[in-house]
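Novice: FYI, in this note's numbering the residues of the sequence shown are -12 to 1224.
Beta carbons are placed, not taken as given, at the ideal position from N, Cα and C, and that holds for glycine.
Once you've had a glance at the structure underneath, I'll fire off some questions.
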Amino acid sequence: MKRAAPHTKSGDAEKLIKYYEDRAIKELRFTVNGMPVHVQNIDPECTLLEWLRASGLCGAKLVCGEGGCGACTVSVFTTDIVTGKPVHRSVNSCLVSVCDVSGCEVTTIEGVKVTNTTLHPIQRSLVEAHGSQCGYCTPGMVMSIYAKWADGKRQVEGDMNSVKLERNGDHATIGSAVSLTTLKELIQEVEYCGSDVLRGVVAMLRLFASEHVRNLATLGGNIVTASPISDLNVIWVAAGATFRIAMLESAEVKYRDVAADDFFLSYRKVDLQDNEILVSVTVPLRYDIFRVFKQSRRRQDDLAIVNVAIAARLVEGVISEARVALGGMAPTTIRGYRTEGSLNGHRVGCIETTRRIMETARSEFTLAPATPGGMTKYRMAVARSLLYKFCMGLPAGSTEYGFAPVHKRGLQYYTPLGDHLDPVGKSVNHVAADKQVRGCADFFDDFACSQSELFLDFVLSTQSTGSVISMDFSACPEVNGFVGEVTHKDCNGIRSLGAIVHDEPLFAVFDAGSNVSYCGQILAVVVATDRYAARVAAAAVKVTYSEDRPSPIVSIEDAIRERSFHQLKFVGGGDYACIHTVLDLHLGSNIEEVIEFCRSRPDEYAVVSGRFKMAGQEHFYFETQGARAVPTDGGTEIEVFSSTQNPHETQMNIAEVLGIPFNRVVVRTKRIGGGFGGKETRACILAPYAALAAVKFNRPARFQMNRDVDMSNSGKRHSFLADYTIAVRRADKALIAADVDLYANGGYSLDLSECVVDRGMMHMTNACFVRNVRVTGRVAKTNIESNTAFRGFGGPQGQAVAEAMYEHAACELGITREELEEANWAHGLDSERSLTHYNHYLGNEVPSEDMWTKLMRDSEFHKRRTDVAEFNSRNQYVKRGIAAVPIRFGVSFTSPHLNQASSLITLQKDGSVQVCHVGVEMGQGLNTKISQVVASELGVPVEAVHISEANTSRAANGVATAASVGTDLNANAAVDACRQLNKAIEVSIACTMDRRERWIRGFQEYIDFSIVDPQTRLANAATKAWFDRICLSAVGYYRTPEITGADWSKKGVNTFNSCPFYYYAYGAAASEVEVDLLTGEARVLRVDILHDVGKSLNPAVDIGQIEGAFVQGYGLFCMEEPIYDHQGRLVTRGPGMYKIPSFDDIPCDFRVTLYDRTSSPTIRASKAVGEPPLFGAASVYYAIKEAIYASRGNRKHFELVCPVTPERIRLAVFVPETGDDDSSNGQPVGDKWHAFA
């Protein structure tokens, strides 16, 4: 690849800068994938990503727009302006202006290849290791690795000259224009100048943002941004650095020096005038001790909650002078002056002087309860704890000098199944993997724009209650490119939508008869000729609200207090559902009497009551909600490309909003970039906006939501709250009774919340048998966006409540939760223990006990628990915990009518096979598995099968791809179609025959036995059949048998009857963790999973689903939490504030075993795998809780809100040495700084 600009080997920076400036004034010149590019009259605000995608290079994706995900990564080859070295750098193209790459060589995913048909080794390794699922972020992964690979290659071939840090005695001067990546490299190159100050810089940079951001961010930019939680500014303040400021005055450059202490004036304000720039940093190097600390929500690529840097000089081992800088404790980086004074005379490790220092810190490190950012109690505790680590010489954690990340390892165990010639049961690569790693797997927004294409953006409410009385669009025409607006007046059909009831107005304005119900609700749509113009025009709309604004209801507690609940659709009237089963009628006629009986005999029964709270979860699919609508015949027909899990419902909603028949609307979905349930109903409600705009202006119209808009509008996993009472018989540990009041935060509309609560109620006992159960479920009606389906669909929340009850009861009995569950397995024997509390027979195969025994043995659980206890006895401030959870998950849509699918299969005359089914590929491997099944049925290679897309004009009247039954339904429908085709061409498939003979048994007139190649042989038969006028297409159909659903109107004792699930999937998981008690940070050391997938259709795909579900579950139980303020405004609206697990959060030792001793009644005896494994991550939650018990020295039960974040962990332990107040010990961690919504 030739260089696009004359990169100098002399390191002559001035000439290089002059060259770039001259070229930029005239025009932009750079190369893309080796091809020269000349760009004129470019908008300097146009990002490189926008330009690439507009140029047809759509492998890079827009996901977050803030450099927090990496899906837009490209590689840039340029000359480092500081060192003069040619370098390859990975960059976030969403953050880079196209002007920034002038004179550079840009490589996108489309340019990473050996030849047009040969994959690069990086790409090939991802394919062969089954490293791609939905494929949306895969190009970013490839480019991240490629840039490192290319840079290593260039470093061998290129100039190795570099500019060293300028060192003057005991100081180092660093230029402000240096990138953070280059700064790190230069410091390491000079071996830190022998200074711990520079070691601290490198330690912080390891955790600072992502490498892509560090490649772009400069030292000066980081300083003058003046973030109060800057990882580097604490170092400059603690070290006593000086900033050199330059000012151009009368053609003369003048300089002044400002101490870092004095530079930060107030929040985001520094001592820098408009005509001044920061030129350099001079930092003292010679301190006897210099240590840095950082605490964040997750270790990698996260903003600090609190960070600390401490410098000290010693005299005979005693501190004589100290400087303490803190971030996250004030609007700016601050000094702890009083604490510095108390450090004088301290010898590291001395507990007596440490107590004095902690007393000072407790009085100095204070925050008012209403401090912005919240977490005040935690921040104060962490600040003291980090100081305590310094005082006692304890490890700093990830910022420890010389810290080496733990090398991750994963082990997968499974037994290959089936005939060696049959593709079913084999780890076939994802059928789109080659396209995904090359960036040519198309998603809806990758289709080229037409010349007349329009772009939508949304006018959103800025408050959560009240009425919109007017909207002023008069400023919009001033925006270049503005075309018009779409309002409620443009709806010719219905004006409200909804999954179950139509309670969601398309436009929440008073004139349309609707009030505002949540912050971020759609009020109108603006339309423009490009995305940016649409965004600017939407912001220009002036919205006037009524003065009457009711107080918002945000949390479940708010709803309980105000009695604000949704009316339910299927309960026969009212706002609650109830399952009430009493087997022990001799103890009482209802659950109250049974529990009262147990309470009256405390020597025989243990009865405990408690509350369990579980936050929601953002889907964070990488491809945000979006659709493209193309009108034809004057807008009387419309074709819509939608990122939806439910094309048919999307079709119906569009038709009803437009007021046209269903047959005039075609919805097409090739694939989607993740869904997790978030596109089951919400995409169906959003796509009509594109259709309305397309029809109004008779031009193609599209939108793809910005990440912040998507997160504040499209709904999340429901938060749950449960108040429970559980009774256990002491003699045999039998679970006698459970009474649960269950609440889910549904948001402002019903959506699928009733069904989510129903499934949660049915999973309320998990894998155990409870003799007498009453569970009452309600959906809280609140002023937040409507919550919706999410992987597990209420099941994980119900299971979590079950385990919380069991753990509470076990504490009362003085045993572990695992021991209690071992005494109460439900089983498949013909007895009362084979019936669930909702009166459904589990079947003969209930492997919970066998799987549990195998997991305990294979994971060496009991030995490791002993080892954990030994570790804890030897370590005061680091504790370990180990725990296990079982899984039983019901598989099927609980609404019987949804358990159906159809599939159109066409046999081409070349022997290739084309499939169109109603399912949607979203990374779960649906199309891969169906291709395997179809290939097996027709006797052709998997490569001969092509699954085109979900298309409502070809495979109609489908259901959502959800509930983990996508393969069950669609593969069975495909089998039906294949067998029709086999019959049509008179090819009989006898499953009992040898695989080599299975497909060739038929009439001699169609089969040429001399043809060896299976596809050629089938092509020959198909051609003969075609000449005989035999149809070579077939529509297969499948409906799940036996399911009758449930009658939710039966709320009385022993009246509830149901058959909601076709079968059950089982599992068990054990996790071991290590918890830093001083910071609350937890690390997952090892996870063992045993999961029941029946006879796996594709072990690699299934293992990937299990691992992915577990890590997403880890986010649910231990990390992710949507934060709302008390007015209902979502605070966590992007990856900067909302953190999902990263690669660093993968368990250090991750072992997955497929349990193959069961079979299911569905396709080839396989079982669903998408949702059931998620709950296994609850084992991490309970392992952390075990570590907390160890820190407390007792097993007295306490409420621990989920997710168990570092904040909740730290506030659940009591460390008196750090000045902790034990008044809250044993009480739930308060969330008063935000609404628990």
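If you count every other CB in all the chains shown that lies within 10 Å of the CB of residue 350, and 16 or more means buried, which is it?
Specialist: exposed
Novice: Can you have a look at residue 1183 and say buried or exposed, based on whether 16 or more other CB atoms are within 10 angstroms of its CB?
Specialist: Residue 1183 is exposed by the Cβ-count criterion.
Novice: Please give the ranges of any beta strand (DSSP E) in the region 377 to 403, keeping only runs that are unbroken, at least 3 residues long and fully inside the region.
Specialist: 396 to 400
Novice: With a floor of 3 residues, list each beta strand (DSSP E) that falls wholly inside the region 617 to 703, ordered by position along the chain.
Specialist: 624 to 629, 652 to 656, 688 to 691
Novice: Please work out which residues of its chain come closer than 6 Å, Cβ to Cβ, to residue 978, disregarding the five sequence neighbours upstream and downstream, and give them in chain order.
Specialist: In this predicted model, residue 978 has a pLDDT of only 34, less than 50, meaning its place in the structure is not dependable; the value taken from the coordinates is given anyway. There are no such residues.
Novice: Starting from residue 799 and walking both ways along the alpha helix (DSSP H), at which residues does that stretch end?
Specialist: Element bounds for residue 799: 782 to 800.
Novice: Which residue's Cα is closest to the Cα of residue 457: 503, 839, 207, 661?
Specialist: 503
Novice: Starting from residue 283, follow the beta strand (DSSP E) in both directions and report where the run begins and ends.
Specialist: 276 to 283
Novice: Verify whether the separation of the beta carbon atoms of residue 189 and residue 274 is less than 8 Å.
Specialist: no
Novice: Quick check: the region 1107 to 1125 against the region 840 to 851, are at least 3 beta-carbon pairs closer than 8 Å?
Specialist: no
Novice: Pick helix, strand or coil for residue 1176, following the three-state DSSP scheme.
Specialist: helix
Novice: Quick check: residue 1193 and residue 1068, are their CB atoms within less than 8 Å of each other?
Specialist: yes
Novice: Would you call residue 479 buried or exposed, if buried means 16 or more other Cβ atoms sit within 10 Å of its Cβ?
Specialist: exposed
Novice: Using the three-state DSSP reduction, which class does residue 884 fall into: helix, strand or coil?
Specialist: In this structure, residue 884 counts as helix in the three-state DSSP scheme.
Novice: Starting from the Cα of residue 1070, find the closest Cα among 962, 1010, 1133, 1096 and give me that residue.
Specialist: Ranking 962, 1010, 1133, 1096 by CA distance to the CA of residue 1070 puts 1133 first.
Novice: Taking the beta carbon of residue 176 as the centre, do at least 16 other beta carbons fall within 10 Å, making it buried, or is it exposed?
Specialist: exposed
Novice: So, are the CB atoms of residue 1232 and residue 1093 less than 8 Å apart?
Specialist: Outside the shown range of the chain (-12 to 1224) lies residue 1232, about which nothing can therefore be said.
Novice: Applying the criterion that 16 or more other CB atoms from any shown protein chain within 10 Å of the CB defines a buried residue, is residue 252 buried or exposed?
Specialist: exposed
Novice: Count the other CB atoms within 10 Å of the CB of residue 501; is the residue buried (16 or more) or exposed (fewer)?
Specialist: buried
Novice: Three or more beta-carbon pairs under 8 Å between the region 1020 to 1029 and the region 946 to 964, yes or no?
Specialist: yes
Novice: Of all the alpha helix (DSSP H) runs that stay within the bounds of the region 1104 to 1181, which reach a length of 4 or more residues?
Specialist: 1165 to 1179
Novice: Closest to residue 315 by CA distance: which of 87, 354, 278, 96 is it?
Specialist: With respect to the C-alpha of residue 315, the residue from 87, 354, 278, 96 having the closest C-alpha is 354.
Novice: Is it true that the region 763 to 779 meets the region 1083 to 1091, where meeting means three or more beta-carbon pairs spaced less than 8 Å apart?
Specialist: no
Novice: Can you grab the Cα-Cα spacing for the pair residue 410 / residue 914, in whole Å?
Specialist: In this model, residue 410 and residue 914 are separated by some 14 Å (Cα to Cα).
Novice: What residue does the beta strand (DSSP E) around residue 904 start on, and which one ends it?
Specialist: 900 to 904
Novice: What are the boundary residues of the beta strand (DSSP E) that includes residue 963?
Specialist: Taken as a continuous stretch (DSSP letters only), residue 963 belongs to no beta strand (DSSP E), being part of the alpha helix (DSSP H) at 953 to 971.
Novice: Between the C-alpha atoms of residue 113 and residue 324, what's the straight-line distance to the nearest angstrom?
Specialist: 53 Å
Novice: Once DSSP output is grouped into helix, strand and coil, what is the label at residue 39?
Specialist: helix
Novice: Under the DSSP definition of a beta bridge, which residues are partnered with residue 567?
Specialist: Secondary-structure assignment with DSSP links residue 567 through a beta bridge to 761.
Novice: To the nearest angstrom, how far is the alpha carbon of residue 385 from that of residue 298?
Specialist: 18 Å
Novice: Nearest to residue 1187 by CA position, among 126, 600, 52, 55, is which residue?
Specialist: For residue 1187, the closest of 126, 600, 52, 55 by C-alpha to C-alpha distance is 600.
Novice: Going by Cα to Cα distance, which pick from 1097, 1204, 1086, 1131 is closest to residue 116?
Specialist: 1086
Novice: Mapping the DSSP letters down to three states, classify residue 1207 as helix, strand or coil.
Specialist: coil
Novice: Of the choices 387, 643, 610, whose alpha-carbon is the least far from that of residue 662?
Specialist: When only C-alpha atoms are compared, the closest one is 610.
Novice: Give the DSSP-derived three-state secondary structure of residue 866 in the structure shown.
Specialist: strand
Novice: With residue 174 and residue 267 assumed to form a contact (beta carbons below 8 Å), what rounded beta-carbon distance in angstroms separates them?
Specialist: Not a contact, Cβ separation roughly 15 Å.
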